[in-house]
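Residue numbers (our numbering), protein chains in the order written: chain V, 390 to 985; chain S, 5 to 239; chain Y, 13 to 305.
Using N, Cα and C, we set each Cβ at its ideal position, and we do this for glycine too.
Reading through the structure tokens given below for one structure.
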Amino acid sequence: MTSTAKLYAAAPTQRRARAKTDTVQLAIACVLIILSGLIPDLAGNDYWTLSFQLVNLFIAVAALQNLLMHDAGQTSFGQGAIFGVSAYCASVVASTYGLPYWQAACCGVLAAVLAGFLYALPSLRVQGYYLGFVTMSAATVFPEMLVAANRYTNGINGITLNFSALHERTALGVSPMTLMVCGIACAVLAAHVLLRRTALGRRLRVAAISPEAAQSLGVSPGLMRCLAFLIVAFGTGIVGTLYTPVVGFISPAAFHIDASILFFLAVIVGGRGHILGTVVGVWVLYLLPNILLAELAQYRLLVYGAVALVVMLLMPDGIVGTFERWRLRRRTSQPLQSVGLERLLEFHRGPGAAGEKPGAVTGNAIDVRAATKRYGSVSALDSVDLTVRNNHIHGLVGANGSGKTTLLNMLSGFSRLDSGSVRVAGQEVRSMPAHRIARLGLGRTFQKPRIFSTMSLWENVEIGIDAAHKHTHPACLLAALRQAMEEGNVELVPHGQRRLVELMRVVLKGSDIILLDEPAAGLSPSEREQFKKLLCRLRDELGKTIVLVEHDLELVWGIADTITVLEAGKMVAHGSAAEIVDNPFVRKLFIEPTHA
Amino acid sequence: MLEIQQLCSGYGNVPVLRDVDLSVKPGEILLVVGENGAGKSTLLRTIGGFIKPERGSIRLDGKEIGGMSPEAIARDGLRLVLDGHRVFPDITVWDNLRLGAVVRKDRKGFDAAVDEVFEVFPILKERLRQPARSLSGGQQQMLALGQAFVAQPRILLSDEPSLGLAQSLLPPILNFLRRWAQSGTAIVIVEQHIDIALSVADRAMVVERGAIKLSCAARDLKAHLRREAQNLSPV
Amino acid sequence: MFDELAIVVIRGIGLGAIFALIAMSMNVVYGATHILNFAQGNMFVLGGFVAVAATPAGQNLSLWLVLVPVAALVLALVVALQGWITLIPLRHSVEQNSWLITTMAVSIMISATLLLVQGPWAATARSPIPPLTMFGVRTPGPYLALMALAIFWFFALRWFLQRTLVGLAVSALSQDLEAARAAGLKVRQLQLLAFAISGLVVGSAGFVAAPLMSISADTGIRYVLNGFVAAVIGGMGSNVGAMVGGALVGVVSMLAIYFVGGEYQGLVSLLLLVGMLLIRPEGLFGQASARRV
Numbered sequence: 390m391t392s393t394a395k396l397y398a399a400a401p402t403q404r405r406a407r408a409k410t411d412t413v414q415l416a417i418a419c420v421l422i423i424l425s426g427l428i429p430d431l432a433g434n435d436y437w438t439l440s441f442q443l444v445n446l447f448i449a450v451a452a453l454q455n456l457l458m459h460d461a462g463q464t465s466f467g468q469g470a471i472f473g474v475s476a477y478c479a480s481v482v483a484s485t486y487g488l489p490y491w492q493a494a495c496c497g498v499l500a501a502v503l504a505g506f507l508y509a510l511p512s513l514r515v516q517g518y519y520l521g522f523v524t525m526s527a528a529t530v531f532p533e534m535l536v537a538a539n540r541y542t543n544g545i546n547g548i549t550l551n552f553s554a555l556h557e558r559t560a561l562g563v564s565p566m567t568l569m570v571c572g573i574a575c576a577v578l579a580a581h582v583l584l585r586r587t588a589l590g591r592r593l594r595v596a597a598i599s600p601e602a603a604q605s606l607g608v609s610p611g612l613m614r615c616l617a618f619l620i621v622a623f624g625t626g627i628v629g630t631l632y633t634p635v636v637g638f639i640s641p642a643a644f645h646i647d648a649s650i651l652f653f654l655a656v657i658v659g660g661r662g663h664i665l666g667t668v669v670g671v672w673v674l675y676l677l678p679n680i681l682l683a684e685l686a687q688y689r690l691l692v693y694g695a696v697a698l699v700v701m702l703l704m705p706d707g708i709v710g711t712f713e714r715w716r717l718r719r720r721t722s723q724p725l726q727s728v729g730l731e732r733l734l735e736f737h738r739g740p741g742a743a744g745e746k747p748g749a750v751t752g753n754a755i756d757v758r759a760a761t762k763r764y765g766s767v768s769a770l771d772s773v774d775l776t777v778r779n780n781h782i783h784g785l786v787g788a789n790g791s792g793k794t795t796l797l798n799m800l801s802g803f804s805r806l807d808s809g810s811v812r813v814a815g816q817e818v819r820s821m822p823a824h825r826i827a828r829l830g831l832g833r834t835f836q837k838p839r840i841f842s843t844m845s846l847w848e849n850v851e852i853g854i855d856a857a858h859k860h861t862h863p864a865c866l867l868a869a870l871r872q873a874m875e876e877g878n879v880e881l882v883p884h885g886q887r888r889l890v891e892l893m894r895v896v897l898k899g900s901d902i903i904l905l906d907e908p909a910a911g912l913s914p915s916e917r918e919q920f921k922k923l924l925c926r927l928r929d930e931l932g933k934t935i936v937l938v939e940h941d942l943e944l945v946w947g948i949a950d951t952i953t954v955l956e957a958g959k960m961v962a963h964g965s966a967a968e969i970v971d972n973p974f975v976r977k978l979f980i981e982p983t984h985a
Numbered sequence: 005m006l007e008i009q010q011l012c013s014g015y016g017n018v019p020v021l022r023d024v025d026l027s028v029k030p031g032e033i034l035l036v037v038g039e040n041g042a043g044k045s046t047l048l049r050t051i052g053g054f055i056k057p058e059r060g061s062i063r064l065d066g067k068e069i070g071g072m073s074p075e076a077i078a079r080d081g082l083r084l085v086l087d088g089h090r091v092f093p094d095i096t097v098w099d100n101l102r103l104g105a106v107v108r109k110d111r112k113g114f115d116a117a118v119d120e121v122f123e124v125f126p127i128l129k130e131r132l133r134q135p136a137r138s139l140s141g142g143q144q145q146m147l148a149l150g151q152a153f154v155a156q157p158r159i160l161l162s163d164e165p166s167l168g169l170a171q172s173l174l175p176p177i178l179n180f181l182r183r184w185a186q187s188g189t190a191i192v193i194v195e196q197h198i199d200i201a202l203s204v205a206d207r208a209m210v211v212e213r214g215a216i217k218l219s220c221a222a223r224d225l226k227a228h229l230r231r232e233a234q235n236l237s238p239v
Numbered sequence: 013m014f015d016e017l018a019i020v021v022i023r024g025i026g027l028g029a030i031f032a033l034i035a036m037s038m039n040v041v042y043g044a045t046h047i048l049n050f051a052q053g054n055m056f057v058l059g060g061f062v063a064v065a066a067t068p069a070g071q072n073l074s075l076w077l078v079l080v081p082v083a084a085l086v087l088a089l090v091v092a093l094q095g096w097i098t099l100i101p102l103r104h105s106v107e108q109n110s111w112l113i114t115t116m117a118v119s120i121m122i123s124a125t126l127l128l129v130q131g132p133w134a135a136t137a138r139s140p141i142p143p144l145t146m147f148g149v150r151t152p153g154p155y156l157a158l159m160a161l162a163i164f165w166f167f168a169l170r171w172f173l174q175r176t177l178v179g180l181a182v183s184a185l186s187q188d189l190e191a192a193r194a195a196g197l198k199v200r201q202l203q204l205l206a207f208a209i210s211g212l213v214v215g216s217a218g219f220v221a222a223p224l225m226s227i228s229a230d231t232g233i234r235y236v237l238n239g240f241v242a243a244v245i246g247g248m249g250s251n252v253g254a255m256v257g258g259a260l261v262g263v264v265s266m267l268a269i270y271f272v273g274g275e276y277q278g279l280v281s282l283l284l285l286v287g288m289l290l291i292r293p294e295g296l297f298g299q300a301s302a303r304r305v
């Protein structure tokens, strides 16, 4: 028992109390928002009170755009239209139908979510600047449609609503309006920070950075995109309902495409992905020209464009982004000694192991029959059969173009067969999407380790835990691992360790079948030796089934129970390492690597 | 002429080449072999300027070219012919050749070089006015080499010239390279078909897991490899 | 009824010629750099502004003809300058999205400058070309001039990109950038040239189209979006596609303007865009390596 106790005890490192960047930025941002909202109100200056209320509304919308753009990876140049849809819908319902404003606001939010859904649809087909242009077209059309529907919207004359009660200063010296707006802006930023810490937030980010990694963890990238648009539209909708109360008047001119472009530029100029970035971006692009050029209003637009241009040329990461990079560079980080995979394996070997050994499972892990895939006139796979038994290490070798990567992609669902059948864990997966196959208990690693530098080292592992459907690892073990890895700087992790982090993620996911795509690439000879031992332990102690696509024949022959050799899409040898070593195709591979 | 010392490079965070030393003399043909993933293409791409080396030096006649852009390196006289018979598909054979020669300014030199190319690869002369996409893979490879030839580089790097080609097309290509070397160009070939390539190479080098495992005269290579395979054979 | 339709279709093709010209200019830059120049719409408006500034040309046909290449050259310089600025951050990295911001920022600055120079009012220019009767339909001069200009540029670009060595080099960048670099082509300079050529196209187009435009700070966006739609429908990078896409967008837009209302042109354009992206993202003539998911 002492050994187990030692396992779970925290490593005795000197832990510097380092607050997370997000939290610090959130605190600074909230302080700025609250101060900028309260001070003009307390001072009794109506012009600046209104201006800062508007600025804080814009910050909220830009913050949501930040979430959409950075965390979810979606390019939208049309968030102003969603803002406007909500504001207009609420105003029209309130003025035409006379409903109390809070009910009208609900209609507004509903309309915004609907608009968000309309944006989500093209995102399933196109990404990047194509999606940006689609949303921009929509946002350009929006004010035109408002004018065209003047029977409901009163066209360019706009709608006036009276909210003067909210603008009266209370005994505290500030108006309820100011408090509400500051509150909303801070709430949006806080929600963003909180979302990042949830499993959903992590899934969004993985889906944005690497759709394949997301799929291999059982997450559907398309669903994540839709969710992102809907969540952001919901938030933007809520913020939008405050527009008319703040200004007292709404007209199509307020939702010109310029507004959408402003939100987009504010995010980038401030520093995409940074919580404080939106505050800085909106202040620099909107507030600064308005303040500095209060007398010279006609130059505002020019200055705004010039500032955006200059900032992008000098600081492509944005203002806050560049500052953060500079700050991180100055901080000295120790490279991680070990990523704790050992600790994880110790747990499974130790008496505390919950017995996660499906060694007695009957049936084969993988059964492929007559798999065929053609690309034009070339047969990538030609009637290939493959049987991978449970609790085995199965090697898959062959020259470039032999079809092994195609086969691996078939197994994990990233490619479809033309004919034949593929059974994983007893289920036919031929037409199953990759993320559903992953949920059957299949995990895979990629040739280039999918380790994301925009997430912390622990988060890179945590997404594996998020993907597990049974919780087989006790909380104290996870806490211990987390503590060991928390200090790690992803950029400094050497390649060999990245490979292990990816493997750790797959193990924590609880995958029974692990597909490894050229895992030894880039490993030094000593790292390869360690890796061989590691794979054997995964098979023996954790009962995993491993399929190994590799070029390093020595490695494969050293640990594989069964080996399949492919050449030109056909299976040319299959059997144990000793059985097939005299096969002529195998001999060719060893002596003279030929092109398939 | 080409001196490489302690070269380390890779993709992103994946280290591929470790402390590679290499040198080629004018008129020499060096054959680089190794299994897939060993780092051969990475080596050529690093020398050619497509990958920035992490450490080490690459000297062309004494001038350090490590870290320069591919265009600049080509203008200095080192030409990389990429793998996969890459030519400009929508441009005619003739114009492909013309584009190859933009790094050199002299017209007469171009005419003479083109004539040589046509002598070795008459099919290119036949299909002069056709777009390159209408050529077969092997013919495109010939065109790619011809395009490099008219630039009259001092050093040629050829990445897997036989990739995807029928065996019968290799001898004329390799003989062309032999002739080319005889005129003073240093040539480095990365190849998988050792047998045929060995016949024109002077020296050979085996790359394994990013490091040079073996360097010897071309005629000794097979013997060395056989010995290695015997040591390696399991059971 | 048929007469009305004929009027609309012919004017639609004329309008479509504008979109085709903008799309072709975007194609040149896109091919060489994979950048979509967002400022192209405002560059087009600037071309029109040259016509406004040179008012006497509105009466004098020969002066007007001389000024077309002048406008083209002026814009060539401006766009080349913009291109140089846009390419600066890309010098050390290939895959970056800074160009989205820098092209947008330049577009904003041009809008701002127009606002400063002529205020929020729209300016127009006169055309010295008399109306012509084609197919029994009396069509204002500018429409026909634009069609002629689009055809001219289509063939001129084709000749340049396929017959001149420099043009072939520019074209090579869009076919295989790595091979071009390995061959020693001066990539940066060729890319700047691509920007300059796009300026020629868009500058002459703006100058000729001036009588049809309301030249103000707001119009640039409409043109760049419509140009983008035309390019996407035809297939990004294909000039044949640009011509067909432009004509399609132009005719459909004109039909919408005449029979439903001018304020619906943007909506129609958007629906065409979304429709094409859902059905065939690579466009009518494009290769299937469009910006997909």
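CA-to-CA, the gap between S512 of chain V and L520 of chain V works out to about 6 angstroms. Here G660 of chain V is not near G629 of chain V, since their CB atoms are 8 angstroms or more apart. P863 of chain V is not bridged by DSSP to any residue.
For K762 of chain V, there is no enclosing alpha helix (DSSP H); the enclosing beta strand (DSSP E) has its first and last residue at 753 to 764. In the three-state scheme derived from DSSP, where H, G and I count as helix and E and B as strand, G809 of chain V is classed as strand. Selection Y:R175, Y:T176, Y:F172, Y:L202 evaluated against L185 of chain Y yields Y:L202 as nearest (Cα-Cα). Taken in chain order, the unbroken stretches of alpha helix (DSSP H) that lie wholly in the region 402 to 436 of chain V and span 4 residues or more are 410 to 432. Going by beta carbons, A857 of chain V and K793 of chain V fall outside the 8 angstroms limit. Judged by their CB atoms, L101 of chain S and Q145 of chain S are not nearer to each other than the 8 angstroms cut-off. Between the alpha carbons of L204 of chain Y and L180 of chain Y lies a gap of roughly 15 angstroms. At a beta-carbon threshold of 7 angstroms, none of the residues of chain V lie near P57 of chain S; the nearest stands roughly 16 angstroms away. Where L11 of chain S is concerned, there is no enclosing alpha helix (DSSP H), although the beta strand (DSSP E) around it starts and stops at 6 to 15.
The beta carbon of P175 of chain S sits no closer than 8 angstroms to any beta carbon of chain V. CA-to-CA, the gap between S187 of chain S and G70 of chain S works out to about 26 angstroms. Residue environment for S553 of chain V: exposed (fewer than 16 other C-beta atoms within 10 angstroms of its C-beta). Take T45 of chain Y, set aside five residues on each side of it, and the residues of its chain with a beta-carbon closer than 7 angstroms to its own are Q203, A206, in chain order.
The straight-line gap separating the alpha-carbon atoms of L218 of chain S and R230 of chain S is approximately 13 angstroms. With fewer than three CB-CB distances shorter than 8 angstroms, the region 439 to 454 of chain V does not count as touching the region 596 to 612 of chain V. A Cβ of chain Y is located within less than 8 angstroms of the beta carbon of L84 of chain S. Put simply, the region 205 to 220 of chain Y does not touch the region 259 to 271 of chain Y. Fewer than three CB pairs are less than 8 angstroms apart. The beta carbon of P68 of chain Y lies closer than 7 angstroms to those of L75 in the same chain, with the five residues before and after it left out. Around Y693 of chain V, the same chain offers L674, P678 as residues with beta carbons nearer than 7 angstroms, after the five sequence neighbours per side are excluded. Identification of residues in the region 523 to 534 of chain V having a C-beta nearer than 8 angstroms to some C-beta of chain Y yields V523, M525, S526, A527, T529, V530, E533, M534, given in sequence order.
DSSP lists V:V813 as the bridge partner or partners of Q816 of chain V. Bridge partners of S915 of chain V according to DSSP: none are assigned. DSSP places H459 of chain V in the helix class (H, G or I) of the three-state scheme.
Three or more beta-carbon pairs separated by less than 8 angstroms link the region 108 to 126 of chain Y to the region 226 to 235 of chain Y, which places the two stretches in contact.
Around V20 of chain S, the beta-carbon contacts reaching into chain V at under 9 angstroms are A910, G911.
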